[in-house]
Amino acid sequence: MKETKFFRKQADKAERMARSASDVEIAQNFLNMARGYRAQAEVLKAKKKAEKKRR
């Protein structure tokens with residue numbers, strides 16, 4: 049599995065956990081995790097795109 053896909057799947061899982069959490073603080077923590085995973089996926093995507101441009 050590609051790393052970007054892995055991070056996006058993890059973000060999806062964290063968002064689902066946030067929706068199912070009954071505690072607001074825990075839900076917010078899951079949403080923060082999801083944002084982090086999505087940010088990491090974007091960084092990897094940008095790196096890959098930059099590498100392609102150099103070729």
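Counting with our numbering, you get residues 49 to 103 for the letters of the sequence shown.
Ideal Cβ placement from N, Cα and C applies to all residues, glycine included.
Quick caveat, the model's predicted, so the values are computed rather than measured.
Using a Cβ-Cβ cut-off of 8 Å (strictly less than) and excluding sequence neighbours within five positions of Leu92, which residues of its own chain qualify? Mapped onto the sequence shown, residue 92 falls at position 44. Cβ neighbours of Leu92 beyond the five flanking positions: Glu51, Thr52 and Phe55.
Residue from Met81, Ala94 and Gln88 whose Cα sits closest to the Cα of Ala62: Counted from its first residue, the sequence shown places residue 62 at position 14. It is Met81.
Helix, strand or coil: how does DSSP classify Ala69 here? Numbered from 1 along the sequence shown, position 21 holds the residue referred to as residue 69. Here Ala69 sits in coil by DSSP.
Own chain partners of Gln58 with C-beta closer than 6 Å, once the 5 adjacent residues on each side are dropped: Counting from one through the sequence shown, the residue named residue 58 turns up at place 10. Excluding residues within five positions, the ones whose Cβ falls inside 6 Å are Tyr85.
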